[in-house]
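Trainee:
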Ligand code: ADP
Ligand code: MG
């Protein structure tokens, strides 16, 4: 009998690892294949970058509370975020859609108004795609091509002991925004007369519905003359994405709880939903901030940037990736992708 292995026994990262084991890149201009935020090619004077991410109705978004315009914006932003994570600049995007007949022309106009707004904000051209019918629901898949000067590319596997660990913006908001939206949906389903209670929660809701790629920080780092020693974007949660940097760089890390950037609204939502704000910051995901390391000599150049928090440092002990808590203890940081 043929063996059948459940995908859940490998998990997302195990599955990608297994795919990667069967892949050998042969072309001399393929610089980096599977394993970073974007693939890297030699295109002459610069490197080309290519990345792809898809969003599925019922898995990544729920159209009962996700406006199509925001969905279009998010589909572009999360892909641009992977180009940013290579220290790159996005250039062209391709958009693939699968649609069921539940969607009207006006609905697609809405989706594209968000796609176009993002293309304009991130200064990218929409240059193609593919459109198909779908038996159920909406699928949107985006690929972005970007560029980066060869000496400025930033991988996940090059963090060094004693580097400072930095993160942009704040963490945990997107996850709590989603929890609030889910809660309001349940309330509405139980009683359609109820109005959503999202007043004063606009920031966390917006973190979920309309994430930004941190290209602003990429340009500011360039202006400051800082090249991170490693970088990843925070899509799965700080914990999970830090573990990628540490595993690939063969280093450990200490994250100082007190230094974690958490917005006031995130604290409020966390307490209302009875979720630990630090847990949300570490494991929430979908914040699309940048997690990066810099050498200590760069500290002076970043310390006055209000968009950047130094949250810890890299060590040479790859067995120890820990949170230094407010109570002065050290707890291991663990994470996983979807199962
Ligand atoms: P990110 O969260 O930055 O988009 P992922 O965790 O989705 O990264 O992917 C990690 C790496 O695995 C990337 O290099 C990506 O291109 C690669 N990858 C993901 N899915 C597949 C697949 N089905 N086939 C080949 N490579 C894949
Ligand atoms: Mg990424």
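Residue numbers (the working numbering): 423 to 761.
Heads up, the beta-carbon is just placed ideally off N, CA and C, and yes, glycines get one too.
Treat the numbers as computed from the prediction; the structure is a model and nothing was measured.
For residue 699, which of helix, strand or coil comes out of DSSP?
Mentor: One-based indexing of the chain shown puts residue 699 at position 277. Helix at residue 699.
Trainee: Using a Cβ-Cβ cut-off of 6 Å (strictly less than) and excluding sequence neighbours within five positions of residue 709, which residues of its own chain qualify?
Mentor: The residue you call residue 709 lines up with position 287 of the chain shown. If you ignore the 5 residues before and after residue 709, its C-beta comes within less than 6 Å of the C-beta of 593, 596, 656, all in its own chain and listed in chain order.
Trainee: Would you identify the three-state DSSP class for residue 522, choosing helix, strand or coil?
Mentor: The residue labelled residue 522 in the question sits at position 100 within the chain shown. Residue 522 falls in the coil class under three-state DSSP.
Trainee: Go ahead and label residue 450 buried or exposed: buried means 16 or more other beta carbons lie within 10 angstroms of its beta carbon, across all protein chains shown.
Mentor: Counting from one through the chain shown, the residue named residue 450 turns up at place 28. With fewer than 16 Cβ atoms within 10 Å of its Cβ, residue 450 is classed as exposed.
Trainee: Between which two residues does the alpha helix (DSSP H) holding residue 544 run?
Mentor: Locating residue 544 in the chain shown gives position 122, counting from the first residue. Counting along the chain, residue 544 falls outside any alpha helix (DSSP H), and DSSP gives it neither H nor E.
Trainee: Can you tell which of 713, 693, 548 has its C-alpha closest to the C-alpha of residue 512?
Mentor: For the purposes of this step, residue 512 is identified with residue 90 of the chain shown, where counting begins at 1. Looking at the Cα atoms, 548 is the closest of the given residues.
Trainee: Please name the residue in 495, 609, 637 whose C-alpha comes closest to that of residue 590.
Mentor: Taking the first residue of the chain shown as 1, we reach residue 590 at position 168. The candidate whose alpha carbon is nearest that of residue 590 is 637.
Trainee: I want to check one thing, is the minimum distance from the CB of residue 749 to the heavy atoms of the ligand MG below 7 Å?
Mentor: Here the question's residue 749 lines up with position 327 in the chain shown. No - the ligand MG has no heavy atom lying nearer than 7 Å to the Cβ of residue 749.
Trainee: Can you tell me the Cβ-Cβ gap for residue 737 and residue 659, rounded? I've got them flagged as a contact below 8 Å.
Mentor: Counting from 1 along the chain shown, the entry for residue 737 is found at position 315. Counting from 1 along the chain shown, the entry for residue 659 is found at position 237. About 21 Å; that fails the 8 Å criterion.
Trainee: Based on DSSP bridge pairs, tell me the residues matched to residue 735.
Mentor: The count along the chain shown starts at 1 and reaches residue 735 at position 313. Paired residue(s): 586, 676.
Trainee: Whole angstroms are fine: how far does the CA of residue 572 sit from the CA of residue 487?
Mentor: Here residue 487 refers to the residue found at position 65 when the chain shown is read from its first residue. Here residue 572 refers to the residue found at position 150 when the chain shown is read from its first residue. Near 42 Å, if we compare the C-alpha coordinates of residue 572 and residue 487.
Trainee: If you draw a straight line from the alpha carbon of residue 654 to that of residue 613, how long is it in whole angstroms?
Mentor: Start at 1 with the first residue of the chain shown, and residue 654 comes out as number 232. Start at 1 with the first residue of the chain shown, and residue 613 comes out as number 191. Residue 654 and residue 613: Cα-Cα distance of roughly 42 Å.
Trainee: Would you report the Cα separation of residue 717 and residue 661, rounded to the nearest angstrom?
Mentor: Counted from its first residue, the chain shown places residue 717 at position 295. Counted from its first residue, the chain shown places residue 661 at position 239. Rounded to the nearest angstrom, the two C-alpha atoms are 21 Å apart.
Trainee: Tell me whether the beta-carbon of residue 697 lies closer than 8 Å to the beta-carbon of residue 561.
Mentor: As a working mapping, residue 697 is identified with position 275 in the chain shown. As a working mapping, residue 561 is identified with position 139 in the chain shown. The answer is no: Cβ separation not under 8 Å.
Trainee: I'd like the list of long-range same chain contacts for residue 628, defined as Cβ closer than 6 Å, with 5 residues on each side in sequence excluded.
Mentor: Here residue 628 is taken as the residue at index 206 of the chain shown, counted from 1. Result list for residue 628: empty, nothing under 6 Å.
Trainee: Taking only the alpha-carbon atoms, compute the straight-line gap between residue 672 and residue 585 and give it to the nearest angstrom.
Mentor: Here residue 672 is taken as the residue at index 250 of the chain shown, counted from 1. Here residue 585 is taken as the residue at index 163 of the chain shown, counted from 1. If you take the alpha carbons of residue 672 and residue 585, they lie about 13 Å apart.
Trainee: Would DSSP call residue 461 helix, strand or coil?
Mentor: Position 39 of the chain shown, counted from the start, is the residue given in the question as residue 461. Strand at residue 461.
Trainee: Below 7 Å, is the gap between the Cβ of residue 652 and the nearest heavy atom of the ligand MG?
Mentor: As a position in the chain shown, residue 652 is number 230, starting the count at 1. Residue 652: no, Cβ never under 7 Å from the ligand MG.
Trainee: Less than 8 Å between the C-beta atoms of residue 563 and residue 521, yes or no?
Mentor: For the purposes of this step, residue 563 is taken as the residue at position 141 of the chain shown. For the purposes of this step, residue 521 is taken as the residue at position 99 of the chain shown. Taking 8 Å as the Cβ cut-off, residue 563 and residue 521 do not qualify as a contacting pair.
Trainee: Run the CB neighbour count on residue 611, radius 10 Å, all protein chains shown included, and call it buried at 16 or more, exposed below.
Mentor: By one-based count along the chain shown, residue 611 stands at place 189. Within a 10 Å sphere around the beta-carbon of residue 611 sit fewer than 16 other beta-carbons, which makes this residue exposed.
Trainee: So is the beta-carbon of residue 504 under 7 Å away from any non-hydrogen atom of the ligand MG?
Mentor: Numbered from its first residue, the chain shown carries residue 504 at position 82. Indeed, a heavy atom of the ligand MG lies less than 7 Å from the Cβ.
Trainee: Taking the beta strand (DSSP E) that residue 713 falls in, what are its first and last residues?
Mentor: By one-based count along the chain shown, residue 713 stands at place 291. Segment 711-716, the beta strand (DSSP E) holding residue 713.
Trainee: Looking only at its own chain, which residues have a Cβ that is under 7 Å from the Cβ of residue 739, when we skip the five neighbours before and after it?
Mentor: For the purposes of this step, residue 739 is taken as residue 317 along the chain shown, with counting starting at 1. Same-chain partners within the cutoff: 674.
Trainee: By the 10 Å Cβ neighbour count, where 16 or more other Cβ atoms means buried, how is residue 616 classified, buried or exposed?
Mentor: For the purposes of this step, residue 616 is taken as the residue at position 194 of the chain shown. Exposed, since its Cβ has fewer than 16 Cβ neighbours within 10 Å.
Trainee: Can you check which of these residues, 442, 441, 465, 721, is closest to residue 452 by C-alpha distance?
Mentor: The residue labelled residue 452 in the question sits at position 30 within the chain shown. Of the candidates 442, 441, 465, 721, the one whose C-alpha sits nearest the C-alpha of residue 452 is 465.
Trainee: So, under 8 Å CB-CB, residue 494 and residue 534 are touching, yes? Tell me the CB distance rounded to an integer number of Å.
Mentor: For the purposes of this step, residue 494 is taken as the residue at position 72 of the chain shown. For the purposes of this step, residue 534 is taken as the residue at position 112 of the chain shown. That pair is a contact at about 6 Å.
Trainee: Should residue 599 be counted as a contact of the ligand ADP given a C-beta to heavy atom distance under 7 Å?
Mentor: The residue labelled residue 599 in the question sits at position 177 within the chain shown. Incorrect: residue 599 has no Cβ contact closer than 7 Å to the ligand ADP.
Trainee: Under the three-state reduction of DSSP, which class applies to residue 724: helix, strand or coil?
Mentor: Within the chain shown, the letter at position 302 stands for residue 724. Residue state, collapsed to three classes: helix.
Trainee: Scan the segment 433-503 and note each continuous beta strand (DSSP E) run of 3 residues or more that stays entirely inside, going in chain order.
Mentor: 452-454, 461-464, 468-478
Trainee: Tell me the residue span of the beta strand (DSSP E) that contains residue 752.
Mentor: Taking the chain shown and counting its residues from 1, the one referred to as residue 752 is at position 330. Per DSSP, the continuous beta strand (DSSP E) segment holding residue 752 begins and ends at 752-754.
Trainee: Give a single yes or no on whether residue 671 has its beta carbon closer than 7 Å to a heavy atom of the ligand ADP.
Mentor: Counting from 1 along the chain shown, the entry for residue 671 is found at position 249. No - the ligand ADP has no heavy atom lying nearer than 7 Å to the Cβ of residue 671.
Trainee: Count the other CB atoms, across all protein chains shown, that sit within 10 Å of the CB of residue 509; report buried if there are 16 or more and exposed otherwise.
Mentor: The count along the chain shown starts at 1 and reaches residue 509 at position 87. Per the 10 Å Cβ criterion, buried.
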